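Residue numbers (this note's numbering): 2 to 189.
Here it is, written out as structure tokens:
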């Protein structure tokens, strides 16, 4: 406690002497018996009920992380593959597609800047159309990209007869091919 006092004409605060036996009572600001016995108020109950309701409505199956494994291919080549977790169907992830693009060496034949290397450039191809060897024209959509990754011989693009893209069926999963398609879709 302080009391006002005068020193040299100025008002100052001076500490009063305090008995030692009173200090513990002053320092004990937390009263555990009160907080431990206190029941939840209406605001806390509402927040807990809202959290439980959100979990019940949208469900919570836990966090899913794709497991990454290295799948050996023929003639010493390998491919990075992700397998779906316990939840089953996953939404294609462009980030995973970018990793797969690098890990599987897709950049060796497909550029991302519009320049043709061995295969076509992937810059801005999604949503366009392409002419096939048989003269038909097909749209470049998710289904076409996934099929071209897993079975590239199914629809060969005109002008690329010499460029034989290897099949990645068995090296990457369908989910991986969908993630690659999602990555290519974003290259606009």
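Just so it is clear, CB atoms sit at the ideal spot from N, CA and C, and this is done for glycine as well. Only a predicted model underlies this, so the values are computations on that prediction, with no experimental measurement involved.
In DSSP terms, what residue i is bridged to
{"i": "residue 138", "result": "132"}
{"i": "residue 117", "result": "111"}
{"i": "residue 92", "result": "According to DSSP, which records beta bridges pairwise, residue 92 is partnered with nothing at all."}
{"i": "residue 97", "result": "DSSP, once it has assigned bridges, lists no residue as partnering residue 97."}
{"i": "residue 158", "result": "133"}
Span separating the alpha-carbon of residue i from that of residue j
{"i": "residue 125", "j": "residue 189", "result": "4 Å"}
{"i": "residue 102", "j": "residue 40", "result": "56 Å"}
{"i": "residue 128", "j": "residue 180", "result": "16 Å"}
{"i": "residue 96", "j": "residue 176", "result": "13 Å"}
{"i": "residue 77", "j": "residue 131", "result": "Only weak support exists for where residue 77 lies, its pLDDT of 44 falling under 50; the value from the coordinates is given anyway. Cα-Cα distance, rounded: 33 Å."}
{"i": "residue 183", "j": "residue 150", "result": "12 Å"}
{"i": "residue 157", "j": "residue 167", "result": "12 Å"}
{"i": "residue 99", "j": "residue 59", "result": "29 Å"}
{"i": "residue 162", "j": "residue 174", "result": "26 Å"}
{"i": "residue 155", "j": "residue 93", "result": "23 Å"}
{"i": "residue 169", "j": "residue 147", "result": "10 Å"}
{"i": "residue 121", "j": "residue 110", "result": "8 Å"}
{"i": "residue 136", "j": "residue 105", "result": "30 Å"}
{"i": "residue 54", "j": "residue 186", "result": "36 Å"}
{"i": "residue 145", "j": "residue 153", "result": "10 Å"}
{"i": "residue 172", "j": "residue 42", "result": "57 Å"}
{"i": "residue 160", "j": "residue 178", "result": "24 Å"}
{"i": "residue 118", "j": "residue 57", "result": "52 Å"}
{"i": "residue 108", "j": "residue 133", "result": "22 Å"}
{"i": "residue 51", "j": "residue 165", "result": "57 Å"}
Which of helix, strand or coil DSSP assigns to residue i
{"i": "residue 170", "result": "strand"}
{"i": "residue 189", "result": "coil"}
{"i": "residue 103", "result": "helix"}
{"i": "residue 165", "result": "coil"}
{"i": "residue 181", "result": "helix"}
Residue range of the alpha helix (DSSP H) that includes residue i
{"i": "residue 124", "result": "Careful: residue 124 lies outside any alpha helix (DSSP H) and carries neither H nor E."}
{"i": "residue 146", "result": "143 to 151"}
{"i": "residue 41", "result": "Where residue 41 is concerned, there is no enclosing alpha helix (DSSP H), given that its DSSP letter is neither H nor E."}
Short CB-CB distance (under 8 Å) between residue i and chain B
{"i": "residue 95", "result": "Of the chains in the structure shown, none is chain B; there is only one protein chain."}
Specify whether the stretch 103 to 115 and the stretch 137 to 146 touch according to this definition: at least 3 beta carbon pairs, one from each stretch, less than 8 Å apart. Judged by pairs of C-beta atoms under 8 Å, the stretch 103 to 115 does not touch the stretch 137 to 146, as fewer than three such pairs exist.
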